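Contents: one structure, followed by commentary.
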Amino acid sequence: MEEPLIIQLKQGDRQAFERLYRKYWRSLFDRAYKRLQSREETEELVQELFTQLWARRDSLVITSSLEAYLFTALRNQIFSHLRTRIVQRKYATLLVQREHQPFNPVEDQIYYEELAATFQNSVEKLPEKYRTVYQLSRHQNLTYREIAKHLNLPIDTVEKQMSKALQLLRMYLKDYVIAVVLSLNNLI
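If you want the working numbering, it's the position in the sequence shown, counting the first as 1, plus 1183.
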């Protein structure tokens, strides 16, 4: 029963993809939510999983059932996300330790301004549709449902655009974050 659906997906059939999305989204969401305990993080993670599934549809190699493939991919994404969260906590701890060092407001202001400018430039580099959804979500604190209504888009489209915006921001900021972390290590 899944075999024809997988073949259709590999051929770029959007309706087949939508059927897969509707069939598996809730169970994937529930599984991820048990681990992450954050609705927003869970939505982003599951959305990213489906985005990657669509992007890699041509090269999919599914040796077991599609369901097993999706849950394995989800498990891997959760582990990766949790590793990232651990690294973020580690460097947050380093920042707290840094607070006990002599205060240098000029240096801190320079770091803050540079970070803010770099982040703003990254947001500005986003394609307009992704930037709009990102800004409505993060700056105006609208939910995906409110954004969908405001832009007259399906909620799935808003979720996909937000996922892509976050993916692009991570890519744009990756090298900068590494440089900041290395410089923090030199300061501590």
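The beta-carbon is built from N, C-alpha and C at its ideal position, and this holds for glycine as well. In this text, all values refer to a predicted model and were calculated from it rather than measured experimentally.
In whole angstroms, what separates the C-alpha of residue i from that of residue j?
i	j	result
Y1295	L1356	15 Å
Y1207	V1244	18 Å
K1332	S1346	18 Å
F1254	I1293	44 Å
A1199	I1190	9 Å
L1236	V1289	46 Å
E1329	P1337	11 Å
T1326	T1315	13 Å
E1342	A1251	24 Å
Q1323	L1351	20 Å
L1192	N1259	22 Å
H1264	R1209	19 Å
T1267	S1247	29 Å
L1349	L1188	29 Å
Q1344	K1312	7 Å
D1241	N1304	33 Å
R1321	R1272	21 Å
K1308	F1212	30 Å
So what's residue i in DSSP terms, helix, strand or just coil?
i	result
D1196	coil
I1338	helix
I1245	coil
N1259	helix
What are the start and end residues of the alpha helix (DSSP H) that includes residue i?
i	result
R1314	1311 to 1321
I1330	1327 to 1334
Q1230	1222 to 1238
Would you grab the beta carbon distance between residue i and residue j for me? Rounded to a whole angstrom, and I think it's under 8 Å.
i	j	result
L1203	I1261	Not quite, the Cβ-Cβ distance comes to about 19 Å (not below 8 Å), so this is no contact.
A1157	V1229	Within the shown structure, residues of the chain are numbered from 1184 to 1371, placing residue 1157 beyond reach of any answer.
L1249	L1232	About 13 Å separates the two Cβ atoms, so there is no contact after all.
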